[in-house]
Amino acid sequence: MSDETAAVPAWVAWRQAERRRLIAARLAMPAAVRRECARLICAALDRLLPELGGSVVAAYWPIRGEPDLRAWIGSIRSRGARCALPVVVARGEPLAFREWRADARLVPGVWNIPEPADGETLVPQVVIAPVVGYDRHGYRLGYGGGYYDRTLAACAPRPFAIGVGYHAAALAGFEPQPHDVPMDAIVDERGASLHRQDHPTDLPTFLVGPEKP
Numbered sequence: 041m042s043d044e045t046a047a048v049p050a051w052v053a054w055r056q057a058e059r060r061r062l063i064a065a066r067l068a069m070p071a072a073v074r075r076e077c078a079r080l081i082c083a084a085l086d087r088l089l090p091e092l093g094g095s096v097v098a099a100y101w102p103i104r105g106e107p108d109l110r111a112w113i114g115s116i117r118s119r120g121a122r123c124a125l126p127v128v129v130a131r132g133e134p135l136a137f138r139e140w141r142a143d144a145r146l147v148p149g150v151w152n153i154p155e156p157a158d159g160e161t162l163v164p165q166v167v168i169a170p171v172v173g174y175d176r177h178g179y180r181l182g183y184g185g186g187y188y189d190r191t192l193a194a195c196a197p198r199p200f201a202i203g204v205g206y207h208a209a210a211l212a213g214f215e216p217q218p219h220d221v222p223m224d225a226i227v228d229e230r231g232a233s234l235h236r237q238d239h240p241t242d243l244p245t246f247l248v249g250p251e252k253p
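Heads up: the sequence shown runs through residues 41 to 253, numbered per my numbering.
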């Protein structure tokens with residue numbers, strides 16, 4: 041074992057290996073299966089968030105086999121929601137969320153992920169984050185950059201955070217670290233599981249879905 045390998049904490053090595061495994065499995069899914077999973081995920085989001093008129097919802101542009109929610113985004117726009125995409129302002133900094141209109145011009149951002157070329161920066165009540173993996177307590181395995189963790193930690197009020205992925209991405213053995221911010225809900229093709237009650241906070245938060253009075 042090299043000194044470099046030995047210096048990597050066990051939890052980091054575990055996440056790196058799981059990330060590679062899960063992304064490879066996701067990309068190996070037939071396109072038709074991914075489309076059906078996305079349809080079921082969109083239906084589960086509608087059940088979780090039945091009333092979004094007037095809300096700001098931050099979603100994502102699908103890459104590397106992630107569930108494609110673009111049709112759902114179009115549907116909630118038609119119901120009065122405003123939508124946004126994440127923008128990397130600077131490496132290592134929290135994300136900004138720029139309005140994603142139906143006619144928005146998209147340009148390649150960091151890592152060539154499309155983002156709105158211009159538009160208003162919005163404060164979302166709901167943030168939908170793609171997951172590479174997730175555990176039964178709502179913790180999210182992402183790509184390793186920590187952008188969503190930093191963003192959610194910096195938001196005040198805190199948005200309702202939803203991790204979206206495939207049921208096959210469920211993990212056992214995930215060890216949360218101090219910087220990990222859990223999702224309030226996880227949605228996959230089998231439905232939604234709520235986790236905000238598992239992680240109570242005194243910070244101001246937006247209430248949506250079943251929590252909204």
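Built from N, CA and C at the ideal position, the CB exists for glycine as well.
query	result
Meets three-Cβ-pair contact criterion under 8 Å: the segment 116-125 and the segment 90-100	yes
Test item: CB-CB of Ile202 and Ala169 under 9 Å	yes
Continuous beta strand (DSSP E) assignments of at least 3 residues falling wholly in the segment 173-234	200-204, 225-228, 231-234
Where the beta strand (DSSP E) containing Leu146 begins and where it ends	146-148
For Ala285, the residue or residues it bridges with in DSSP	Outside the modelled stretch of the chain, which goes from 41 to 253, sits residue 285, for which no answer is possible.
Ile153, enclosing beta strand (DSSP E) - first and last residue	Here Ile153 belongs to no beta strand (DSSP E), and DSSP marks it neither H nor E.
Whole-Å CB distance - Glu160 paired with Glu139, under 8 Å assumed	5 Å
Residues bridged to Ile168 (per DSSP)	Ile202
Stretch pair the segment 185-192 + the segment 224-231: three plus CB contacts closer than 8 Å	no
Straight-line gap, Glu215 to Val171 (C-alpha atoms, nearest Å)	16 Å
Beta strand (DSSP E) segment containing Val97, residue limits	96-98
Spatial distance of Ala157 from Arg131 (CA atoms)	18 Å
Arg141, DSSP secondary structure in three states	coil
Close-in-space but distant-in-sequence residues of the same chain around Pro102 (CB under 8 Å, 5 per side omitted)	Asp108, Leu109, Arg110, Pro170
DSSP three-state assignment for Ala136, whether helix, strand or coil	strand
Best match in Leu162, Leu211, Ala83, Ala196 for proximity to His177 [C-alpha to C-alpha]	Leu211
Reference Arg66, options Asp228, Pro49, Val127, Tyr206, closest by Cα	Tyr206
Bridge partners - Val73, DSSP secondary structure assignment	Paired residue(s): none; Val73 is not in a bridge.
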